[in-house]
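Some notes on the structure that comes next.
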Ligand code: C2O
Ligand code: CU
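In the numbering used here, the protein residues as written are 70 to 528.
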């Protein structure tokens, strides 16, 4: 979508609060404030007269919400209007944000009440593929449709014929095609792999066809918006993976991509002149996810020149603070008891009475448990041991991090969400250069709610 952006420069003084990432001379450009309204609407998820429309929760009445596109260095300004029957907020996933604009209800702001309003306004320091979603009761609100893409462009973006956002979700639907309401809050889901759906959508539609120019060069911006599903996507012809979680990585030729909840991947593909069908292959399929269909006349295609490699930030060589993190819990796990609200409780009581099932270092932390307090610019290493029988998509707010494997080598590039395998021990290393109270949690949203969350405080 093209937004009406009358740009004008603001004086450095009035933007003082917004320039914490800027070099002293940088000036952020403001764009017009737009609104995003969360409300209830209906949407046909399953085609055909045998199925009903689903009642969904949506930004601006569409799922996904409207595509927000900005340029690096612009200031996003959004008036969030909450027309839901309960409190909500918007988190701008992956943005190295100002803490007060991070949108974590109960941590960085009070939830915006029903019929309330809140202005989000912050600079966009990095280009890349991001997304926004509710950050209140996420296990329910995100599952009901409260998410959308946030794209930040810059002048070094490769020239393409089509820049396509593919936001992938799995919905748990009842027989009649409406959202399965009865299973919300299911303890079984919370202690196992989270809420897993039975209906795959891309951009809100089941196996959509997107018209493209034959032989076009496209940029695919894949976003996993599912509560808990890990997608495995198989490309019918190889592409070049250029970025993950918004940040550049060493170019890699790929035909398969694993995308954990909240992760993103940017892939450049030179399409053939025939249908190009992206398949989901990790979850019992294969299922066709989306077809790029050459229907437009192939005029004026961009030249298929070699892609230029962007700088990939190398990890820091020294660590200032080590933060051990022993993750336990869940079904078939070894957690017998854990601290909760200052009291040691057996796992059975935690699960049945408090719906808590996962612990960090023997404690159920919730939003308010502090994992670490860091001085500004310290290099921290969270030494994670996933001592559970489940995979976890660990997300750190406000920062991108490097992953160092047990053998000392690093995963390429930087991420904001990393999938820990069962039994994995890896270090999550980041520079604490963004002051504030930042949530660190599992993006399998049921795991988050059931205990896998803590706060990292940066002075
Ligand atoms: Cu996608 Cu705590 O966020
Ligand atoms: Cu998890």
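For every residue, glycine included, the Cβ atom is placed at its ideal position computed from N, Cα and C.
Computed from a prediction, not measured in an experiment: that's the story for all the values here.
Query	Result
Inter-residue Cα distance where the pair is residue 279 and residue 171	33 Å
Any non-hydrogen atom of the ligand C2O within 8 Å of residue 173 CB	yes
C-alpha distance - residue 506 paired with residue 342, whole-angstrom precision	50 Å
Distance between beta carbons of residue 260 and residue 519, contact taken as under 8 Å	7 Å
Option nearest residue 284 by Cα separation, candidates 215, 331 and 370	370
DSSP three-state assignment for residue 503, whether helix, strand or coil	coil
heavy atom of the ligand C2O below 8 Å from residue 198 C-beta	no
C-alpha distance - residue 272 paired with residue 420, whole-angstrom precision	35 Å
Closer than 8 Å: residue 276 CB and nearest the ligand CU heavy atom	no
Residue closest to residue 324, alpha-carbon to alpha-carbon, out of 115, 292, 305 and 515	305
Residues that DSSP places opposite residue 260 in a beta bridge	Beta-bridge pairing links residue 260 to no other residue.
Beta-bridge pairing of residue 412 - partner residues as DSSP gives them	409
Touch test, the region 252 to 266 against the region 306 to 314, Cβ-Cβ under 8 Å, three pairs minimum	no
6 Å CB neighbourhood of residue 299 in its chain, flanking five on each side removed	329
Nearest-angstrom Cα separation, counted from residue 184 out to residue 242	28 Å
Close Cβ partners of residue 211 (< 8 Å) along its chain, the five nearest in sequence each way excluded	202, 203, 294, 296 and 514
Cβ-Cβ distance between residue 498 and residue 317 below 9 Å	no
Limits of the alpha helix (DSSP H) - the one that residue 340 falls within	It is not in any alpha helix (DSSP H) - residue 340 carries neither H nor E in the DSSP assignment.
Top-ranked residue by Cα proximity to residue 235, from 469, 363, 379 and 220	220
Paired residues, beta bridge with residue 419 - DSSP	Paired residue(s): none; residue 419 is not in a bridge.
Rounded separation between residue 359 and residue 274 - CA only	9 Å
Distance between residue 224 and residue 248 (C-alpha atoms, nearest Å)	41 Å
Given residue 441 as reference, the closest of 387, 457, 397 and 522 once Cα atoms are compared	522
Reference residue 205; option with closest CA among 453, 157 and 228	157
Supposed contact pair residue 310 and residue 334 - C-beta distance, whole angstroms, cut 8 Å	6 Å
Any non-hydrogen atom of the ligand C2O closer than 8 Å to residue 468 Cβ	no
Helix, strand or coil at residue 508 according to DSSP, with G and I counted as helix	strand
Nonlocal neighbours in the same chain, by C-beta distance under 8 Å from residue 146, ignoring five residues either side	99, 100, 101, 102, 103, 188, 189 and 190
Three or more C-beta pairs below 8 Å linking the region 454 to 463 and the region 398 to 413	yes
Alpha-carbon to alpha-carbon, residue 163 and residue 91	For residue 91, the predicted model reports a pLDDT of 40, less than 50, meaning its position is unreliable; a value from the coordinates is still stated below. Approximately 17 Å between the Cα atoms of the pair.
Buried versus exposed call for residue 155 [16 or more other C-beta atoms within 10 Å across all chains shown]	exposed
Range of the contiguous alpha helix (DSSP H) that encloses residue 387	Looking at the DSSP string, residue 387 is not in any alpha helix (DSSP H), and its letter there is neither H nor E.
Collapsed DSSP secondary structure at residue 518 in the structure displayed	helix
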